[in-house]
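Below is one structure, written out as structure tokens, with a few remarks after it.
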Amino acid sequence: MYVAMSGATLRSRELDTIANNLANASTIGYKRESFSASSYSVVARDMQKAASLYPAARVMTIDSGKMFVDESPGIMKSTGNPLDLAISGNGFFAVEGQGRTLYTRNGVFSLDSEGYLVTAGGQKVLDTGDRPLRINDGGPVTVSPDGTVNSGNSPVGKLKVVKVDTPRHVGSSLFSGKEAGDTDGEVLQGTLELSNVNPVIEMVSIIHAMREYEAAQRIIKNFDELASRTVTDIAKV
Numbered sequence: 001m002y003v004a005m006s007g008a009t010l011r012s013r014e015l016d017t018i019a020n021n022l023a024n025a026s027t028i029g030y031k032r033e034s035f036s037a038s039s040y041s042v043v044a045r046d047m048q049k050a051a052s053l054y055p056a057a058r059v060m061t062i063d064s065g066k067m068f069v070d071e072s073p074g075i076m077k078s079t080g081n082p083l084d085l086a087i088s089g090n091g092f093f094a095v096e097g098q099g100r101t102l103y104t105r106n107g108v109f110s111l112d113s114e115g116y117l118v119t120a121g122g123q124k125v126l127d128t129g130d131r132p133l134r135i136n137d138g139g140p141v142t143v144s145p146d147g148t149v150n151s152g153n154s155p156v157g158k159l160k161v162v163k164v165d166t167p168r169h170v171g172s173s174l175f176s177g178k179e180a181g182d183t184d185g186e187v188l189q190g191t192l193e194l195s196n197v198n199p200v201i202e203m204v205s206i207i208h209a210m211r212e213y214e215a216a217q218r219i220i221k222n223f224d225e226l227a228s229r230t231v232t233d234i235a236k237v
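Residue numbers are given in the working numbering: position 137 of the sequence shown equals residue 137, and the series is strictly consecutive.
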């Protein structure tokens, strides 16, 4: 029963993860998430030892609690908006948020009332000096592939685009993580990167996980009924 319960718990976590991916399938710059789990024998934590000593031993699963971000690129969509930016290749835009530096691939940027370049959520976009990038010239904005921002004919700063080690979702298209140096990715102006979630693959996965979850539930119910019958029969004896 506990073996089946561990499987049901794992599939429940998988269903939650897939549902979150599907909910963000249309979120600009979103990256698909997955999680890891490990297995262990109910008689020994050393799997190799358990396999040799107890070849018929049952195996349970345990959720590691670790989430992983799929950093594969999403489809690039041309918008023509000069403040819509995307990164071709690896790397993230650095933004100011929640009292620390966060990172994003969502390049839906705009200018606030003070001329600062901000995300759709209002976080200020940072330059290579870790300062909010301000565009107060009023001229047409152009962004070169290396991230240099010009207003009219005057450079106003360079976008901070960096690699991020083991990024973690902290909400919407924002990530936390440890900076891992400069990136060789190029900034594309007038372009947005769509989510890398494939709804068809996620739907197939959710059907598979649901079937396994239901199978585990049936096993738990059958064992429960068997245990109840056993207790009743023993009482009669």
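Each residue gets a CB set at the ideal place from its N, CA and C atoms; glycine is no exception.
The structure presented is a predicted model; accordingly, all values stated were derived computationally and were not measured.
### Message
Spatial neighbours of P82 within its chain, please: C-beta separation below 8 Å, excluding the five flanking residues on both sides.
### Response
Excluding positions up to five away in sequence, the list reads P140, V141, T142, V143, Q189 and G190.
### Message
So, at 7 Å on beta carbons, what are the nonlocal neighbours of T104 in its own chain, with the 5 sequence-adjacent residues on each side left out?
### Response
Within the same chain, T104 has close Cβ partners G29, F92, F93, V95, T119, S173, L174 and F175.
### Message
Which of the three DSSP states is assigned to L10 in this structure?
### Response
Annotated three-state conformation of L10 is helix, per DSSP.
### Message
Suppose the cutoff is 7 Å on Cβ atoms and the five residues either side in sequence are ignored; what does the same chain contact list for G121 look like?
### Response
Excluding residues within five positions, the ones whose Cβ falls inside 7 Å are S172.
### Message
Going by DSSP, what residue range makes up the beta strand (DSSP E) through S144?
### Response
Counting along the chain, S144 falls outside any beta strand (DSSP E), and DSSP gives it neither H nor E.
#### Entry: Cβ-Cβ separation, T183 to V170 (assumed contact under 8 Å), whole Å
Beta-carbon to beta-carbon, V170 and T183 are separated by about 20 Å, too far to satisfy the 8 Å threshold.
### Query
Is A94 helix, strand or coil when you go by DSSP?
Correct three-state label for A94: strand.
### Task
Following the continuous beta strand (DSSP E) through R168, name the residue where it begins and the one where it ends.
Taken as a continuous stretch (DSSP letters only), the beta strand (DSSP E) holding R168 covers V161 to G171.
### Message
So if DSSP puts K178 in a beta bridge, which residue, or which two residues, is it bridged to?
### Response
Note: K178 sits in a beta bridge opposite D165.
### Residue interval of the beta strand (DSSP E) (run including I75)
Per DSSP, I75 lies in no beta strand (DSSP E) and is assigned neither H nor E.
### Buried versus exposed, by CB contacts within 10 Å (16 or more), P199
The residue in question, P199, is exposed, as its Cβ has fewer than 16 Cβ neighbours within 10 Å.
#### Entry: Sufficient close CB pairs (3 or more, under 8 Å) joining the region 202-216 to the region 96-115
The region 202-216 vs the region 96-115: no contact.
#### Entry: When K158, S88 and E214 are compared against G74, the one with the closest alpha-carbon
Looking only at K158, S88 and E214, the smallest Cα-Cα distance to G74 is reached by S88.
### Residue closest to D16, alpha-carbon to alpha-carbon, out of V3, M1, T27 and R32
Of the listed residues, the one whose Cα sits closest to D16 is R32.
### Query
Under a three-way DSSP split, which group does F35 fall into?
Under the three-state reduction of DSSP output, F35 falls in the strand class.
### Query
Using the C-alpha atoms, what's the distance from T61 back to V3?
Whole-angstrom Cα-Cα distance: 8 Å.
### Task
Within the same chain, show all residues whose beta-carbon is closer than 7 Å to that of D112, passing over the 5 residues directly before and after it, in chain order.
Around D112: V118.
### Query
For L192, which residues of its own chain have a beta-carbon under 7 Å away from its beta-carbon, when the five flanking residues on both sides are left out?
For L192, where only same-chain residues beyond five positions count, the Cβ hits under 7 Å are I28, K77, T79, D84, A86, G107 and V108.
### Query
Can you give the beta carbon distance from R168 to G181, rounded, assuming they're within the 8 Å contact cut?
About 18 Å; that fails the 8 Å criterion.
### Task
Report yes if the CB atom of V149 is closer than 7 Å to the CB atom of G138, and no otherwise.
Against a cut-off of 7 Å, the Cβ pair of G138 and V149 comes out as no contact.
### Query
To the nearest angstrom, how far is it from the Cα of D233 to the Cα of E225?
Here the alpha carbon of D233 sits roughly 12 Å from the alpha carbon of E225.
### Message
Run through the DSSP bridge pairs and tell me what M67 is partnered with.
### Response
DSSP output for M67 lists F35 as bridge partner(s).
#### Entry: Helix, strand or coil at Q189 [DSSP, three-state]
Three-state result, Q189: strand.
### Query
Excluding five sequence neighbours on each side, which residues of the same chain lie with their C-beta closer than 7 Å to the C-beta of N24?
Cβ within range, chain order: Y30, S195 and V197.
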